[in-house]
Structure formats: structure tokens, C-alpha cells
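Chains as they are written, first to last, in the working numbering: chain A, 54 to 379; chain B, 54 to 379. Each residue gets a CB set at the ideal place from its N, CA and C atoms; glycine is no exception. These figures come from a predicted structure and were not determined experimentally.
Written out as C-alpha cells, the structure is:
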């Protein structure tokens, strides 16, 4: 049965690339990396009930499993090229795999990402994707280059995915209100949870411009904290500058800021750059159709602070999403 | 807690390589592949109770998770370079991770394999390893090059891992006999199950020599079947030429041939080459300390046949290990 699944996956691996010398079907894939570029490689495993809610559609799982990995490449400024897929399934469920591949392929095709290998096995539902991409060595975006005085930016809007998860949580006391309040807002937030958009083009635009970059997977405070620790700096965030979607404000006006600071799974890029680059950066990203907000500044002193417009400190805990605390 | 685990893993990632531009700790690793080589990439996920028995020591799990992946590189003739590790654990068990890394590192170090990234998450115990290696493009070993008339070879001995699993199976009626019969033989077989030796040096020696190659993970018949299907040929095996260990013969005299034909998890290389190369190949591999047996020949007609010394057909079923039938 494993081999039928692999045959099915091979038949659906629609992206062809000249740098794939040998794809699915041998002991390993054979690939030809381009000269003069660094190879960026990341892996993320998604488990049912941890990284996506029980009941998520196979197509959404396929999309998200690839999206979170492409987001890692985006955060390095890398151009995606190849993926390997390790699929653990409770049974050889052809319909699940076809749905999964629908979602996976819908995201792989526009990025010209070739599925070149992987394995399938029987067990509790889990998806592990390894992605590869290229970036000119000197232009790769890292976490450790933020400098005091840099401005802090974030793409898109924050907190939507966490709000989407809250919408799905039927045990919330106000679930009925949410269901009847605004179908469109609810759909928008759940869509952000299930079908995040990796900021691949934005990451490439930031090559050699951003001083540090990370994708917001664990929550803004947690991920910006990683940047600050790696760079040996601190950050002051402007609470009123956090980009919030109208869907989030419609359904969670009171919690919106908290979702934006702490919610995981948004897969936006948080990056730093010298403030004199801000105007150009915002214009360039906007031209891509990618919203971007300037949300704070890097400071020399350790720690994260969040201030309101009057400069008053907003109490926050530094915690974000942590799969071992969930 | 995830970050403590990652810090622990980073501290234990002992192999340093100049072609690792950025290792564990950013959104992706940054690597520098060598010019003029194909990049070989494989991933394998191991689950408790499927790929290793419940109760396997953390160090053995760490060794085996890497070994099965290095074996895929060996089967391509590739030289290992980098690995990513995706670890799913029921809890943040520091002792498990330290034991796991002991086994992983014991195998990574002699191969100068650098651990460059990965992730950790909470869930049913699972280990997914992605490995990378290099091989000169034209010399990579594939499954699809076997030709009628080629001799078939296998390294080491076959059936030991399956016999080791049988030794561990306490529900076997004759478990007591095994336990008292021969402690050394039992240990040897279980050792082959838990600590397989990937034939990395042998694979490199076969570059540009073997016409096809595969590692024996699903069982000789199943894996040779893959080679035959990919190459559009068939095979005739000499049942009496199958290399059997004294431990296997001591404990499973009656089942030894069956274990050798069908048992999975041996991670020996099965390869084909023109018969006139046989003497040199056997001498070269022996010089490496790698035993090799000539076990049959490739024929033009489809299908696998197994014959005894008198030329009589030995009945076999073509099935090997299949994780969706287990």
C-alpha cells in the first residue's frame, strides 16, 4: 500500500524543474543546486490537534504544511525550489491523500516548488515537510543582525490566526455570538489559520536590506524575542501601531491587541532595518501588494517593552506559542 | 520548553563543517553545496512500534533514525554531509533526548555529518531525519540501470534484523528457548536490528561501477523487485548463495532463508554489475572489511525467481515489509 500512495503522490507532483536530476522513486532525490548561492533548508512537522485543529480539511492541512515551511524560506530571503514530504497516516486513505495534495499543490505550483521525495508510514496523523531554497550567500536574512536604532516592521496583519482558532473553539462561552455575528469575519480569520500566505516575495525583496528577519509563527513577542536574543539587543513596540485586520477588530475588539502580540500561526515577516530605509521599504512592499507596518524600534537594552501612544507601558507577558506547553 | 530542547540539541551537534554557513537556530540552515556534484536528499520517519519496537533504548533509536537515512545515501553512492532532525516527543524528556543524541552522534561523527536544523514538537514518539550528501552527477547509483546478464550482489548478511525482531517478540511460543539457547547469537541479531550499519563506504566504492543499487530496508525480494521494475528486467536468485550469519543459522536454522529473502531492516546494499566486474568488486569491498556475496543474475523476463543449487524453483511470495500492511 505504501507504494500505491507513493505512486499517487508521484503522479500528482506536477511541478517540473530542470535542476531535479532524479525525483520521487529512488533511495534519494538527486538535485543540482545553483552555483554562487547558499542552500537554505528547513523542516517543520505538523501534528493534528497541535498545529492544526482536529477536523481540518485534508486540503487545508496540505496547504498549511507547505506554507509554514515556505514561510521559513521567506524569512531567510530564499527562493523556494524543492520539497520532501513525510506523511504519517492512520490508514492508507486515498481520499485524504488526494485532498492533501490538492492543498499542497495549490501552493507549490505558484512557487515552482518541486516535490522530489519523501516517505509514507502508518501512525497518528503527522506531516513533515523539508523545503529547500536558494539565496545569494551575502544577502541571506538572519536573526542576529538587528542593531539599536533600527526600525521594526511587520507584514500584513497580526493575531488573525489565533482569533481564527478561537472561533473554532466550540467550548468558548461566546461561541454562539461568534457564529451569528459576522460570517465573513469568522471565515476570514479561520482562513488565515488554515491557509496562511507565506511571504516569499516579500522576503526576497528584503534581501540585503533588512538587518534581521523572522517569521511570526510562535507570536510576535516570542519571535521578536528570538531576534533580540540572537542580536543582543532589546525592542520597544508601539501598541497602537500593531496592524489589526477589520475581521479581528469586528469579532475580538477587546482581545485584538493581545492576539496580535501573542497569537501564533500568522506567518507574517517581522524584520528590522535602518529607519532611513522605511519609506522605500513600505513603498516597495506595497507595490507587491504586501501591507507593512512600522511597529517599533530596536534598543540597546535587553528586553521587550510595549508602549501606547502616550508612552505608557502596556503590561505583557513575553510568552508565545510553545508546543511543549500547549 | 521547545527552545531548551533545541538548545540542548545545538550544544550536542558536535560535527563542524566549513560548508555550513548557518546551522541550528535560525528559520533555516544555510549550506554551501560543492560545485560539480549532485545533491542527494532523502527523508525517513521512524515511529515507535512500527520502525522500532516499544522499549528500544533512546540511544538505539537515535542511531537507527540516522542509520536508515545514511543507508539511503549509501544506496546512491553519496557522501553524507548534513542532516535535519524533526523530533516528536510525548513530553520534554531531557534524558530521552540526551540518550537519543548519544546514539545519533555516535553514527554522525565518523561520517562527519553535521546536524544543521530541525524542530521539536509534542506528540506520539516519532523521529524524522532528512539527510543530504554529494555524488558526482554521472556516478550516482540508481535503481533503473540493471541489465539482463548483470550479476546481483548483496553486502553483509541478510535476515538478521528480522530474526532480531523475532527474538524480541515475547509472544513467540519458543521465546524461552531463544533466551536460554545462545545469548551471544541473540545479542548479535538484536544488535543488527537496533544498530544497523549503513554501507556508506561501500556505496561510494560502487560509484560508476554498479549498474543499479538499492538498500535492503523492506526485504531482499521487495527491494530487488523495485530495482527490477525500475529497470524493466527480472531476476533469478540462487537460494544457496544468500549470505547468512552464524547467529541467524544458530537460532533460526529452519527459517533462515525466509528471513533472508523477506526480512526487512538489514540496510545492506543490493546491487547489480556486469559479471566480469565481480572478482574486482568482491576484492575491493573485502579490502574495506565489507563482505559481499554474488546471489544471482538479472534476466530479461519480468519477475523474481529463487532457485536452489539443483536449479529447482524455491517457492516464495514476493512480499516484503510494508508499513501499511503491518
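Anything in chain A within Cβ reach of residue i, meaning under 7 Å, just list it in chain order.
{"i": "residue 195 of chain B", "result": "75, 79"}
{"i": "residue 267 of chain B", "result": "80"}
{"i": "residue 126 of chain B", "result": "81"}
Taking residue i as the query, report the chain A residues whose CB atoms sit under 8 Å from its CB, ordered along the chain.
{"i": "residue 95 of chain B", "result": "80, 81, 82, 137, 170"}
{"i": "residue 103 of chain B", "result": "174, 175, 176"}
{"i": "residue 86 of chain B", "result": "86, 92"}
In chain A, what lies closer than 9 Å to residue i by C-beta?
{"i": "residue 292 of chain B", "result": "Here the premise fails: no neighbours, minimum Cβ distance about 25 Å."}
Find the residues of chain B that neighbour residue i, judging by a C-beta separation of less than 8 Å, and give them in chain order.
{"i": "residue 181 of chain A", "result": "96, 98, 139, 181"}
Is residue j closer than 8 Å to residue i when the C-beta atoms are compared?
{"i": "residue 168 of chain A", "j": "residue 219 of chain A", "result": "no"}
{"i": "residue 183 of chain B", "j": "residue 103 of chain B", "result": "no"}
{"i": "residue 84 of chain B", "j": "residue 97 of chain B", "result": "no"}
{"i": "residue 344 of chain A", "j": "residue 290 of chain A", "result": "no"}
{"i": "residue 217 of chain B", "j": "residue 194 of chain B", "result": "no"}
{"i": "residue 325 of chain B", "j": "residue 265 of chain B", "result": "yes"}
{"i": "residue 165 of chain B", "j": "residue 70 of chain B", "result": "yes"}
{"i": "residue 186 of chain A", "j": "residue 351 of chain A", "result": "no"}
{"i": "residue 399 of chain B", "j": "residue 82 of chain B", "result": "The question about residue 399 of chain B has no answer, for chain B in this structure spans 54 to 379."}
{"i": "residue 189 of chain B", "j": "residue 89 of chain B", "result": "yes"}
{"i": "residue 198 of chain B", "j": "residue 284 of chain B", "result": "yes"}
{"i": "residue 309 of chain A", "j": "residue 212 of chain A", "result": "yes"}
{"i": "residue 180 of chain A", "j": "residue 99 of chain A", "result": "yes"}
{"i": "residue 252 of chain A", "j": "residue 127 of chain A", "result": "yes"}
{"i": "residue 449 of chain B", "j": "residue 192 of chain B", "result": "In the structure as shown, chain B begins at 54 and stops at 379. Residue 449 of chain B is therefore absent and cannot be evaluated."}
{"i": "residue 116 of chain A", "j": "residue 156 of chain A", "result": "yes"}
{"i": "residue 276 of chain A", "j": "residue 320 of chain A", "result": "no"}
{"i": "residue 173 of chain B", "j": "residue 140 of chain B", "result": "yes"}
{"i": "residue 262 of chain B", "j": "residue 334 of chain B", "result": "yes"}
{"i": "residue 207 of chain B", "j": "residue 296 of chain B", "result": "yes"}
{"i": "residue 317 of chain A", "j": "residue 272 of chain A", "result": "yes"}
{"i": "residue 152 of chain A", "j": "residue 177 of chain A", "result": "no"}
{"i": "residue 357 of chain B", "j": "residue 288 of chain B", "result": "yes"}
{"i": "residue 353 of chain B", "j": "residue 280 of chain B", "result": "no"}
List, in order along the chain, the chain B residues whose C-beta lies closer than 7 Å to that of residue i?
{"i": "residue 190 of chain A", "result": "74"}
For the alpha helix (DSSP H) that residue i lies in, which residues bound it at each end?
{"i": "residue 304 of chain A", "result": "299 to 304"}
{"i": "residue 315 of chain A", "result": "309 to 315"}
{"i": "residue 279 of chain A", "result": "273 to 284"}
{"i": "residue 147 of chain B", "result": "147 to 161"}
{"i": "residue 253 of chain A", "result": "253 to 258"}
{"i": "residue 244 of chain B", "result": "236 to 247"}
{"i": "residue 339 of chain B", "result": "331 to 340"}
Kindly indicate the opening and closing residues of the beta strand (DSSP E) around residue i.
{"i": "residue 221 of chain A", "result": "Here residue 221 of chain A belongs to no beta strand (DSSP E); instead the alpha helix (DSSP H) covers 213 to 221."}
{"i": "residue 77 of chain A", "result": "Taken as a continuous stretch (DSSP letters only), residue 77 of chain A belongs to no beta strand (DSSP E), as it is neither H nor E."}
{"i": "residue 121 of chain B", "result": "Element bounds for residue 121 of chain B: not the beta strand (DSSP E) but the alpha helix (DSSP H), 111 to 129."}
{"i": "residue 209 of chain A", "result": "Premise fails: residue 209 of chain A is in no beta strand (DSSP E) and is neither H nor E."}
{"i": "residue 93 of chain B", "result": "90 to 100"}
{"i": "residue 133 of chain A", "result": "132 to 142"}
{"i": "residue 345 of chain B", "result": "345 to 352"}
{"i": "residue 360 of chain A", "result": "357 to 360"}
{"i": "residue 324 of chain B", "result": "322 to 326"}
Is residue i close to chain E? Criterion is C-beta to C-beta, closer than 8 Å.
{"i": "residue 131 of chain B", "result": "In the displayed structure, chain E is absent; the protein chains listed are A and B."}
Less than 7 Å separating the Cβ of residue i from some heavy atom of the ligand ATP?
{"i": "residue 123 of chain B", "result": "The ligand ATP is not among the ligands present in this structure, which contains no ligands whatsoever."}
Entirely within the region 170 to 196 of chain B and at least 3 residues each: give me those beta strand (DSSP E) ranges in chain order.
Taking only runs of at least 3 residues, the beta strand (DSSP E) segments lying wholly in the region 170 to 196 of chain B are 179 to 189.
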